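In the numbering used here, the protein residues as written are 45 to 339. We put the CB at the ideal spot given by N, CA and C, even for glycine. Here the structure is a predicted model, which means the values were calculated and not measured.
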Ligand code: GLN
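So, in structure tokens, the structure goes:
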């Protein structure tokens with residue numbers, strides 16, 4: 045790439061390179077990456093348009109451009125991603141939070157419309173802590189536990205819950221699902237791994253190469269995590285309490301069956317995401333009825 049005369053020219057060159065490389069959102073990505081190098085917000089880049097390009101800005105911009113063209117997602121390059129208007133740092137142990145997952149937050153908040161409710165919340169497979177942080181911010185008297193099998197994820201979740209300003213209301217635990225927990229929760233949420241193992245090799249490159257397999261691999265039929273979680277829900281949920289789980293494409297029926305087999309009341313239909321895909325399912329532990337199953 046030729047030396048650019050000014051920042052505007054550099055940005056245009058970056059966008060052109062991203063375009064010919066087949067990147068879907070070249071304008072946005074070019075702007076965001078260059079803003080990162082300049083240390084400004086993407087919307088402020090215009091203020092630098094006439095500035096000369098310092099050599100280290102040029103070389104840093106080229107390095108980020110090469111990473112993006114080789115398929116690394118912008119969020120991984122920047123090391124953070126916005127979710128529910130909060131900022132989440134990322135590590136190799138965490139998924140990049142997806143907008144689809146905001147469906148889980150919406151459904152959980154609707155189940156508990158009282159902002160002042162002193163809820164006890166459990167997030168199984170918390171990853172970056174995105175769901176738990178959003179819920180604790182929206183319900184300021186709630187407390188939460190986040191569990192993750194990956195220690196690196198639990199550490200990152202703790203950091204992110206700090207950024208969200210809710211550290212004093214949360215505990216992070218390294219463990220397998222709810223094995224180490226007894227119960228008493230008002231709300232259990234999870235975005236578990238739900239990709240069928242045979243589909244892992246055909247996931248988009250940005251997912252396959254950069255998201256942790258532990259957070260994606262749902263076993264042979266994609267339902268392993270739902271089996272583990274639904275078996276524990278009757279013990280974890282208080283009578284009348286609620287579970288909200290994220291779903292993979294086409295999993296509503298199978299997951300509803302698992303939840304019903306565990307004695308929970310499933311609310312159908314599941315909540316769709318912005319693409320119209322059934323994305324979040326709610327199941328309630330009945331207030332009355334047979335005592336909770338124990339393992
Ligand atoms: N939503 C992610 C994807 O489609 C998968 C995340 C998960 O398995 N929970 O790539």
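Residue i: CB within 7 angstroms of a non-hydrogen atom of the ligand GLN
i: residue 204; result: no
i: residue 24; result: Missing from the structure shown is residue 24; the chain here goes from 45 to 339 and no further.
i: residue 241; result: no
i: residue 263; result: no
i: residue 301; result: no
i: residue 292; result: yes
i: residue 120; result: no
i: residue 142; result: yes
i: residue 251; result: yes
i: residue 259; result: yes
i: residue 139; result: yes
i: residue 247; result: yes
i: residue 133; result: no
Same chain, Cβ closer than 6 angstroms to residue i, neighbours up to 5 away in sequence not counted
i: residue 218; result: 195, 198
i: residue 180; result: 186, 188, 210, 213
i: residue 339; result: Here residue 339 scores only 49 on pLDDT, less than 50, and its place in the model is too uncertain to base an answer on.
i: residue 216; result: 190, 198, 201, 202
i: residue 193; result: 220
i: residue 284; result: 331
i: residue 138; result: 171, 172, 197, 200
i: residue 227; result: 279, 280
Same chain only: Cβ atoms within 7 angstroms of residue i, ignoring 5 sequence neighbours per side
i: residue 175; result: 145, 148, 149, 167, 233, 235
i: residue 124; result: 131, 132, 133, 134
i: residue 74; result: 55, 58, 59, 62
i: residue 177; result: 130, 204, 205, 208, 210
i: residue 158; result: none
Cβ neighbour criterion (16 or more within 10 Å) applied to residue i
i: residue 173; result: buried
i: residue 95; result: exposed
i: residue 64; result: exposed
i: residue 331; result: exposed
i: residue 312; result: exposed
i: residue 296; result: buried
i: residue 69; result: exposed
i: residue 162; result: exposed
i: residue 191; result: buried
i: residue 274; result: buried
i: residue 117; result: buried
i: residue 184; result: exposed
i: residue 253; result: exposed
i: residue 51; result: buried
Residues that residue i bridges to, as DSSP identifies them
i: residue 124; result: 133
i: residue 311; result: 326
i: residue 229; result: 281
i: residue 287; result: 232, 327
i: residue 188; result: 165, 214
i: residue 239; result: 261
i: residue 79; result: Note: residue 79 sits in no beta bridge, so no partner.
i: residue 316; result: 322
Close Cβ partners of residue i (< 8 angstroms) along its chain, the five nearest in sequence each way excluded
i: residue 104; result: 81
i: residue 267; result: 238, 295, 298, 299, 302
i: residue 277; result: 232, 287, 303, 306, 308, 327, 329
i: residue 84; result: 91, 92
i: residue 153; result: 179, 182, 183
i: residue 258; result: 137, 193, 194, 237
i: residue 318; result: 143, 144
The ligand SAM heavy atom lying under 7 angstroms from the CB of residue i
i: residue 276; result: This structure lacks the ligand SAM; the ligands present are the ligand GLN.
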